[in-house]
Amino acid sequence: MIELKGVSTSHGIAIGKAYIIEPILFDFSISYIDHLKVKEETELLNKAIKKTLEDLDKIYSHSKLSELRIFFENMLTNDGILDRIRYNISNEKLSAKSAIFKEGNSIEKLLREAKVNIDKIHDILSIFSLLIKNIDTLREEEKSKEEKYISDEDSEDYILVGVDLDPTQFLEILKRRKIKGLALEKGGSASHVAVIAHQENIPAIFSVRGLTDKVKEGDIVILDTRKSCVIINPTKEVFSSYRAEKIKIKSYKEHLIEILSKPTKTIDGEVCSLMLNISDPMEVSNLSSQHYDGVGLFRTEIPFINQKRFLSEDEQYEMYISVAETFVGKPVVIRLLDLGGDKIFGQLVRESKPALGWRSIRVLFSYEEELLKQLRAIIRANKYGNVKILVPMVSSLDEVNKIKKYYKIAVNQLKDKGISVNDKIEIGIMVEVPSVAIMINEFIKYVDFISIGTNDLTQYILAVDRNSEIVAEYYEPFNPAILKVVYHCINVAKKHKKMASVCGEIAGDPKYTRLFLAMGLRIFSMAKDSILH
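Numbering of the sequence shown is given in our numbering, commencing with residue 6 and proceeding in unit increments.
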């Protein structure tokens with residue numbers, strides 16, 4: 006039996022067989038192939054190149070980006086580059102992914118020797134990242150086809166184990182396997198993968214050093230988030246003990262659900278709202294709305310990532326109206342697409358500095374028609390007057406005004422089509438960029454409500470990457486600077502009689518509840534499982 010320590014998120018105990026995942030992108034070991042696989046790997050490379058060229062047409066369709074598209078297309082059709090990659094497969098017997106990796110490394114070395122700007126190097130190498138991502142996508146598609154013939158449903162419980170994982174990869178695996186837990190060597194408890202794990206009620210432990218050296222495919226793994234430990238191949242006694250503990254926890258949760266329908270009040274009678282964070286309409290399809298006070302955060306990007314494409318207006322409308330109907334008379338806060346960064350699909354690119362780059366509202370402003378499409382779907386879904394719009398990653402008042410202009414355009418487009426709509430929709434912003442928190446006295450005048458996103462706010466104020474295991478100890482939402490900013494925002498909203506909520510992971514952490522109540526917060530938005538804590 007081996008026991009390793011890490012940093013936990015979510016709640017609970019998970020037991021299952023280890024399902025090993027490959028490290029993503031350029032963080033993996035070179036792999037070799039048998040000579041009989043050369044033709045297969047070369048064909049895979051050719052398919053990935055074709056798919057990447059198609060992606061480039063979509064990603065860089067905007068006229069201002071056409072030069073970049075042409076540059077990348079030239080790289081993908083460059084005989085010298087392609088010949089070297091194919092040589093790596095046929096002569097060096099490298100897998101397609103490793104062959105691309107080797108060529109990317111060679112080019113990076115040449116660029117560094119030529120003292121090319123590091124950001125420029127990352128830009129150039131991003132085409133190799135996209136190509137490798139498409140290799141993975143094509144492999145996963147083939148794997149899915151094969152698994153359909155093996156079994157309609159894999160009944161095994163698995164613990165996902167690996168070095169690192171991105172949200173797209175995580176969601177793809179969740180569709181194919183019964184994942185009961187997640188353990189990674191990298192990542193942090195506030196990463197987007199952690200948020201998804203929490204949302205899906207999957208116990209997760211990050212920053213587990215030496216994990217992949219100690220565990221093999223099929224090993225029995227236990228995750229205990231209370232102790233932040235990963236147990237590999239437990240003894241019979243330890244296994245039995247944890248299995249019994251899981252049964253107790255399940256029974257206790259069933260008891261808690263019974264009291265959810267009662268009004269949420271503090272001991273001294275203060276009424277509070279416990280609202281849900283959701284990522285998919287299916288999460289609330291079987292819920293009783295009387296147990297919850299509404300939806301405080303609908304992360305709309307997850308269905309897009311699952312489908313690997315932008316959804317149509319009607320597809321989005323069906324999602325939003327189903328949630329609005331479930332919570333008639335209660336608020337449903339729909340956040341505009343928060344894509345980019347590490348939340349990407351085929352039409353979007355990975356960046357070297359995702360947290361500070363082209364993400365959220367910046368992506369939407371680059372895809373105007375997709376923004377209008379989403380706004381029209383949300384407006385149509387406001388049939389019961391309970392829908393609100395939340396704008397992510399706002400950093401300036403210009404962005405707020407710009408969104409309002411797009412909102413008016415969307416309303417007029419619907420009216421021009423003769424569609425009757427209830428366009429009295431409140432528009433709020435996420436407070437997660439320091440510029441907004443500093444100027445909240447001004448921003449509050451132009452919005453109807455605010456939602457404080459403590460996950461990103463913490464990383465930006467403390468200059469700590471929420472996805473990094475190296476600096477995980479410095480990611481501290483309880484830092485006085487964070488608390489002071491949150492307190493300030495709550496009180497400014499209160500002064501202007503505007504709704505303020507906290508929707509970051511700490512909103513569902515009982516350690517913070519009393520403190521937030523003392524600050525004047527009355528609206529908490531969290532994952533369903535956190536409400537039971």
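Virtual Cβ for every residue (Gly too), placed ideally from N, Cα, C. Source: prediction; values computed, not measured.
query                                                                                                               : result
Contact between the region 181 to 188 and the region 448 to 468 (3+ Cβ pairs under 8 Å)                             : no
For GLY186, the residue or residues it bridges with in DSSP                                                         : ILE164
Option in ILE178, ARG91, SER13 and VAL490 with minimal Cα separation from ILE310                                    : ILE178
3-residue-minimum beta strand (DSSP E) runs that sit fully inside the region 463 to 513, ordered along the chain    : 504 to 507
Among LEU395, GLY17 and ASP470, the one whose alpha carbon lies nearest that of LYS613                              : The question about residue 613 has no answer here: the residues shown for the chain are numbered 6 through 538.
Range of the contiguous alpha helix (DSSP H) that encloses ASP403                                                   : 402 to 421
Status (buried if at least 16 other CB within 10 Å, exposed otherwise) for LEU30                                    : Any reading at LEU30 must be qualified, since the residue scores a pLDDT of 46, below 50, and its modelled position is unreliable; no value is offered.
GLU2 - DSSP class collapsed to helix/strand/coil                                                                    : Because the chain in this structure spans residues 6 to 538, residue 2 falls outside the shown range and cannot be described.
Given ALA249 as reference, the closest of GLY390, SER196, ILE408 and ALA19 once Cα atoms are compared               : ALA19
Minimum C-alpha distance to ILE428 - residue among GLY334, GLN312 and ALA382                                        : Note that residue 428 is Asp in the sequence shown here, rather than Ile. When only C-alpha atoms are compared, the closest one is ALA382.
Rounded separation between GLU145 and ASN139 - CA only                                                              : 10 Å
Assigned exposure category for HIS260 - 16 Cβ within 10 Å defines buried                                            : exposed
Contacting residues, own chain, Cβ-Cβ under 6 Å from PRO482 (five flanking each side not counted)                   : THR459, THR463 and ILE511
Three-way DSSP call (helix, strand, coil) for PHE303 in this model                                                  : strand
Exposure of ARG471, with buried meaning 16 or more beta-carbon neighbours within 10 Å                               : buried
CB contact flag (PHE529, GLY274, <9 Å)                                                                              : no
Neighbour-count burial assignment, VAL541, 16 or more Cβ in a 10 Å radius                                           : Beyond the ends of the chain as shown, which are 6 and 538, falls residue 541; an answer cannot be given.
Cutoff 9 Å: ILE105 Cβ touching any chain C Cβ                                                                       : The displayed structure is made up of one protein chain only, and chain C is not part of it.
Own chain, CB closer than 7 Å to PHE133, minus 5 neighbours either side, in chain order                             : ILE105 and GLY109
Beta-carbon separation (whole angstroms), SER278 vs ARG527, contact threshold 8 Å                                   : 7 Å
Residues near ASP32 by beta carbon distance below 7 Å, same chain, minus five either side                           : Residue placement at ASP32 is poorly supported in this model, since its pLDDT is 46, which falls under 50; the coordinates are not used for a value here.
Contact check, GLY513 vs HIS203, beta carbons under 9 Å                                                             : yes
For LYS267, three-class secondary structure by DSSP                                                                 : coil
Sequence-distant residues of its chain with Cβ nearer than 7 Å to VAL497 (five each side left out)                  : ILE445, ASN446 and ILE449
Per DSSP, cross-strand counterpart(s) of LYS22                                                                      : TYR163 and ILE225
Proximity below 9 Å, CB of ARG367 to CB of MET398                                                                   : yes
Pairwise C-alpha distance: VAL438 and ARG181                                                                        : 36 Å
Nonlocal neighbours in the same chain, by C-beta distance under 7 Å from LEU316, ignoring five residues either side : PRO308 and PHE309
Element boundaries [alpha helix (DSSP H), containing ALA523]                                                        : 515 to 524
From LEU467, GLY215 and ASP141, residue whose alpha carbon lies closest to that of LYS10                            : GLY215
Check whether ILE430 and ASN387 have beta carbons under 9 Å apart                                                   : yes
Close-in-space but distant-in-sequence residues of the same chain around SER535 (CB under 8 Å, 5 per side omitted)  : HIS16, HIS203, ALA512, GLY513 and ASP514
Closest Cα partner of TYR24 within the set TYR257, ALA199, LYS183 and ASN83                                         : LYS183
Helix, strand or coil at TYR154 according to DSSP, with G and I counted as helix                                    : Because TYR154 carries a pLDDT of 38, less than 50, the predicted location of this residue cannot be relied on, and no value is offered for it.
Through-space distance from VAL441 to MET531, alpha-carbon basis                                                    : 22 Å
Three-state secondary structure (DSSP) of ILE29                                                                     : Bear in mind that the predicted position of ILE29 carries a pLDDT of just 47, short of 50, making it too unreliable to give a figure here.
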